[in-house]
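**Student:**
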Amino acid sequence: MSFYFRITAIEQRQGVRPRGMPRGIWLPPAGKDSVPTSSQLFCFDGRAVYDVTYAVNPPAGSQVFNTCSIYHDFSTFWAVDYDVTLLAVNEGDNRDWTPIGFDYGDGTINWVGIGGEHRRLGPQRNQPWARTLLPENHHPRRWSTDGRYGGLCGELPLIIALIAFSMEPEYLVHALTNCMREGSWGGHEYPHGRIDGRGMIVTIYAVPGMSSMAALEEFEGRRLFPA
Numbered sequence: 129m130s131f132y133f134r135i136t137a138i139e140q141r142q143g144v145r146p147r148g149m150p151r152g153i154w155l156p157p158a159g160k161d162s163v164p165t166s167s168q169l170f171c172f173d174g175r176a177v178y179d180v181t182y183a184v185n186p187p188a189g190s191q192v193f194n195t196c197s198i199y200h201d202f203s204t205f206w207a208v209d210y211d212v213t214l215l216a217v218n219e220g221d222n223r224d225w226t227p228i229g230f231d232y233g234d235g236t237i238n239w240v241g242i243g244g245e246h247r248r249l250g251p252q253r254n255q256p257w258a259r260t261l262l263p264e265n266h267h268p269r270r271w272s273t274d275g276r277y278g279g280l281c282g283e284l285p286l287i288i289a290l291i292a293f294s295m296e297p298e299y300l301v302h303a304l305t306n307c308m309r310e311g312s313w314g315g316h317e318y319p320h321g322r323i324d325g326r327g328m329i330v331t332i333y334a335v336p337g338m339s340s341m342a343a344l345e346e347f348e349g350r351r352l353f354p355a
């Protein structure tokens with residue numbers, strides 16, 4: 129499976145009054161008050177990730193498969209399934225920021241998505257990717273030695289965002305190239321980049337001759353990270 133994807137760093141527009149919820153919980157900005165600060169284009173060729181920002185845009189004929197805008201604050205990921213620099217948050221049909229979560233399916237694999245039913249992973253076998261990609265409040269309540277349990281699938285732009293958040297912004301390229309290798313988890317031991325207020329938009333492109341919308345949808349349902 130091969131595809132292109134773009135990661136655009138975003139931040140709250142300066143001077144905007146912070147949003148909040150009861151108990152002092154921070155919410156990402158509404159409307160169009162997220163502004164881009166940088167953008168990088170990548171290609172995953174099925175084996176490794178390459179920075180192709182020099183190309184400016186994905187190949188001609190590419191289609192947007194899926195998009196995720198996401199912020200991190202205090203161990204919570206807030207996300208929406210559209211580009212918040214193009215569409216205003218919480219206006220019209222555009223839903224407000226929603227925490228990510230997990231669905232357990234048959235109980236042996238986790239699906240991660242926007243608004244998933246459970247806040248924590250289901251039973252896992254102490255796989256290193258779980259501790260690298262997710263803060264402790266998303267870890268399972270119990271770890272298992274049962275070989276049937278473990279692995280992760282789900283919304284592709286969200287999974288790529290979790291990889292990007294696993295390292296500080298200046299090491300984004302290293303995080304992607306080190307972790308997405310030969311379609312499996314490469315891993316790293318660097319400090320995480322889950323900085324309060326950090327945000328990004330991840331857009332996945334289906335590229336003629338490389339991937340189709342249907343193939344990418346099927347790819348999301350696979351066990352992207354191993355059990």
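When we follow my numbering, the leftmost residue of the sequence shown carries the number 129, and every step to the right adds one. Where a beta carbon is used, it is the ideal one built from N, C-alpha and C, also for glycine. Model, not experiment: these values are computed from the prediction.
(1) On the three-state DSSP scale, how would you describe T195?
(2) To the nearest whole angstrom, what separates the beta carbons of G229 and R247, a pair I think is in contact under 8 Å?
(3) Does DSSP put E245 in a helix, a strand or coil?
(4) G275: which of P251, L284, L261 sits nearest, CA to CA?
(5) How many angstroms separate the CA atom of R141 from the CA atom of T165?
(6) Just to confirm before moving on: does the CB-CB distance between H320 and M341 stay below 9 Å?
(7) What does the alpha-carbon distance come out to for the pair A343 and P150?
(8) Which one or two residues does DSSP pair with I135 in a beta bridge?
(9) Please report the residue range of the beta strand (DSSP E) in which A207 lies.
(10) If G243 and T226 are in contact, beta carbons under 8 Å, what's the gap, nearest whole angstrom?
(11) Relative to the C-alpha of I323, which candidate in E298, L284, Y333, E346 has its C-alpha closest?
(12) Going straight from the alpha carbon of G241 to that of R351, what length do you get?
**Tutor:** Taking the coordinates as given:
(1) Within the sequence shown, the letter at position 67 stands for residue 195. Correct three-state label for T195: strand.
(2) Numbered from its first residue, the sequence shown carries residue 229 at position 101. Numbered from its first residue, the sequence shown carries residue 247 at position 119. G229 to R247, Cβ: 6 Å. Contact.
(3) On the sequence shown, position 117 is the one that residue 245 refers to. E245 falls in the coil class under three-state DSSP.
(4) The residue you call residue 275 lines up with position 147 of the sequence shown. The candidate whose alpha carbon is nearest that of G275 is P251.
(5) Along the sequence shown, read from residue 1 onward, the residue named residue 141 stands at position 13. Along the sequence shown, read from residue 1 onward, the residue named residue 165 stands at position 37. If I take the Cα positions, the gap works out to 10 Å.
(6) For the purposes of this step, residue 320 is identified with residue 192 of the sequence shown, where counting begins at 1. For the purposes of this step, residue 341 is identified with residue 213 of the sequence shown, where counting begins at 1. Not a contact, by the Cβ cut-off of 9 Å.
(7) As a working mapping, residue 343 is identified with position 215 in the sequence shown. As a working mapping, residue 150 is identified with position 22 in the sequence shown. Those two C-alpha atoms are separated by around 42 Å.
(8) Locating residue 135 in the sequence shown gives position 7, counting from the first residue. Paired residue(s): Q168, V330.
(9) As a working note, residue 207 is residue 79 in the sequence shown. Counting along the chain, the unbroken beta strand (DSSP E) around A207 starts and ends at 204-208.
(10) Taking the first residue of the sequence shown as position 1, residue 243 is located at position 115. Taking the first residue of the sequence shown as position 1, residue 226 is located at position 98. At roughly 5 Å, the Cβ-Cβ gap stays under 8 Å, so G243 and T226 are in contact.
(11) The count along the sequence shown starts at 1 and reaches residue 323 at position 195. It is E298.
(12) Mapped onto the sequence shown, residue 241 falls at position 113. Mapped onto the sequence shown, residue 351 falls at position 223. In a straight line, the C-alpha of G241 is about 14 Å away from that of R351.
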